[in-house]
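See below for the structure under consideration.
What follows is the structure in C-alpha coordinates.
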(Lines of atoms letter the chains of each structure in order from A; the text may use other names.)
(Lines give C-alpha, C1' and ligand atoms only; values in the text may rest on other atoms or scores of the structure.)
Protein backbone atom coordinates (compact mmCIF):
# COMPACT_ATOMS: atom_id res chain seq x y z
CA UNK A 503 0.00 0.00 0.00
CA UNK A 504 1.02 3.63 -0.42
CA UNK A 505 3.11 5.06 2.40
CA UNK A 506 1.12 6.95 5.02
CA UNK A 507 3.62 9.67 5.89
CA UNK A 508 2.05 13.07 6.36
CA UNK A 509 5.03 15.46 6.54
CA UNK A 510 7.18 16.33 3.54
CA UNK A 511 10.29 16.21 5.72
CA UNK A 512 9.79 12.45 6.08
CA UNK A 513 9.30 11.68 2.39
CA UNK A 514 11.31 10.35 -0.52
CA UNK A 515 9.97 11.55 -3.87
CA UNK A 516 10.36 10.28 -7.41
CA UNK A 517 10.30 12.29 -10.60
CA UNK A 518 11.59 12.37 -14.13
CA UNK A 519 13.29 15.13 -16.06
CA UNK A 520 11.94 16.75 -19.22
CA UNK A 521 13.92 15.56 -22.22
CA UNK A 522 12.13 16.87 -25.30
CA UNK A 523 9.57 19.48 -24.28
CA UNK A 524 11.17 22.15 -22.14
CA UNK A 525 8.12 24.40 -21.82
CA UNK A 526 7.68 25.01 -18.11
CA UNK A 527 11.24 23.97 -17.28
CA UNK A 528 11.83 26.92 -14.95
CA UNK A 529 8.74 26.07 -12.92
CA UNK A 530 9.82 22.43 -12.77
CA UNK A 531 13.25 23.43 -11.50
CA UNK A 532 11.64 25.57 -8.79
CA UNK A 533 9.56 22.58 -7.65
CA UNK A 534 12.72 20.44 -7.58
CA UNK A 535 14.57 23.07 -5.53
CA UNK A 536 11.73 23.25 -3.01
CA UNK A 537 11.52 19.48 -2.65
CA UNK A 538 15.29 19.07 -2.39
CA UNK A 539 15.17 21.33 0.64
CA UNK A 540 12.01 19.95 2.27
CA UNK A 541 12.15 16.16 1.74
CA UNK A 542 14.56 13.31 2.41
CA UNK A 543 15.42 13.38 -1.28
CA UNK A 544 14.44 12.99 -4.90
CA UNK A 545 15.03 9.97 -7.10
CA UNK A 546 14.94 9.51 -10.86
CA UNK A 547 14.63 5.89 -11.86
CA UNK A 548 14.08 6.62 -15.55
CA UNK A 549 10.74 4.86 -15.84
CA UNK A 550 7.41 6.35 -14.81
CA UNK A 551 5.96 2.84 -14.54
CA UNK A 552 8.60 1.85 -11.97
CA UNK A 553 8.23 5.15 -10.10
CA UNK A 554 4.47 4.65 -9.86
CA UNK A 555 4.70 1.02 -8.74
CA UNK A 556 7.30 1.98 -6.11
CA UNK A 557 4.89 4.69 -4.94
CA UNK A 558 2.10 2.11 -4.74
CA UNK A 559 4.37 -0.18 -2.69
CA UNK A 560 5.34 2.61 -0.28
CA UNK A 561 8.99 2.72 -1.39
CA UNK A 562 8.49 6.24 -2.69
CA UNK A 563 6.09 8.65 -1.02
CA UNK A 564 5.10 10.40 -4.22
CA UNK A 565 5.75 10.80 -7.92
CA UNK A 566 5.32 13.72 -10.30
CA UNK A 567 6.31 14.35 -13.90
CA UNK A 568 5.42 16.30 -17.05
CA UNK A 569 4.82 15.31 -20.67
CA UNK A 570 4.40 11.56 -20.38
CA UNK A 571 2.45 9.28 -22.71
CA UNK A 572 -0.51 7.08 -21.76
CA UNK A 573 1.60 3.92 -21.99
CA UNK A 574 4.03 5.45 -19.46
CA UNK A 575 1.43 6.02 -16.75
CA UNK A 576 -1.80 4.08 -17.23
CA UNK A 577 -0.81 0.78 -15.62
CA UNK A 578 1.22 2.28 -12.79
CA UNK A 579 -1.44 4.87 -11.98
CA UNK A 580 -4.06 2.14 -11.69
CA UNK A 581 -1.82 0.23 -9.28
CA UNK A 582 -1.31 3.37 -7.15
CA UNK A 583 -5.08 3.88 -7.00
CA UNK A 584 -5.65 0.26 -6.00
CA UNK A 585 -3.00 0.67 -3.27
CA UNK A 586 -4.94 3.59 -1.76
CA UNK A 587 -3.15 6.47 -3.47
CA UNK A 588 -4.48 9.53 -5.23
CA UNK A 589 -3.46 10.17 -8.84
CA UNK A 590 -4.28 13.38 -10.71
CA UNK A 591 -2.79 15.91 -13.08
CA UNK A 592 -0.88 18.82 -11.55
CA UNK A 593 -4.15 20.79 -11.56
CA UNK A 594 -6.01 18.07 -9.66
CA UNK A 595 -7.96 16.75 -12.64
CA UNK A 596 -8.46 13.13 -13.67
CA UNK A 597 -6.94 13.68 -17.14
CA UNK A 598 -3.47 12.43 -16.18
CA UNK A 599 -3.48 9.52 -18.66
CA UNK A 600 -3.93 11.76 -21.71
CA UNK A 601 -2.90 15.06 -20.11
CA UNK A 602 0.46 16.72 -19.71
CA UNK A 603 1.21 15.99 -16.04
CA UNK A 604 0.83 13.38 -13.31
CA UNK A 605 0.99 13.56 -9.52
CA UNK A 606 0.63 10.45 -7.34
CA UNK A 607 0.86 10.06 -3.54
CA UNK A 608 -1.27 9.45 -0.48
CA UNK A 609 -3.93 12.13 0.06
CA UNK A 610 -1.93 14.19 2.58
CA UNK A 611 1.29 14.29 0.57
CA UNK A 612 -0.67 14.81 -2.66
CA UNK A 613 -2.19 17.96 -1.15
CA UNK A 614 1.21 19.28 -0.02
CA UNK A 615 2.77 18.60 -3.42
CA UNK A 616 -0.20 20.22 -5.16
CA UNK A 617 0.34 23.39 -3.15
CA UNK A 618 4.02 23.53 -4.13
CA UNK A 619 3.28 22.81 -7.79
CA UNK A 620 0.42 25.35 -7.95
CA UNK A 621 2.90 28.19 -7.33
CA UNK A 622 4.62 27.53 -10.67
CA UNK A 623 3.79 27.84 -14.37
CA UNK A 624 4.15 24.81 -16.62
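Residue numbers (the working numbering): 503 to 624. Glycine included, each C-beta is placed from N, C-alpha and C at the ideal position. Treat the numbers as computed from the prediction; the structure is a model and nothing was measured.
Reduced DSSP category for residue i - H, G, I as helix; E, B as strand; rest coil
i, result
"residue 570", "coil"
"residue 540", "helix"
"residue 603", "strand"
"residue 504", "coil"
"residue 513", "coil"
6 Å Cβ shell around residue i - same chain, five flanking residues per side excluded
i, result
"residue 591", "597, 598, 601, 603"
Residue burial classification, residue i (beta-carbon count within 10 angstroms, cutoff 16)
i, result
"residue 562", "buried"
"residue 587", "buried"
"residue 620", "exposed"
Residue closest to residue i, alpha-carbon to alpha-carbon, out of the options
i, options, result
"residue 589", "609, 572, 552", "609"
"residue 513", "528, 544, 525", "544"
* So does the region 511 to 523 actually touch the region 566 to 578, counting three or more Cβ pairs closer than 8 Å? -> yes
* Looking at C-beta atoms only, is the number of pairs between the region 570 to 584 and the region 604 to 621 that lie closer than 8 Å three or more? -> yes
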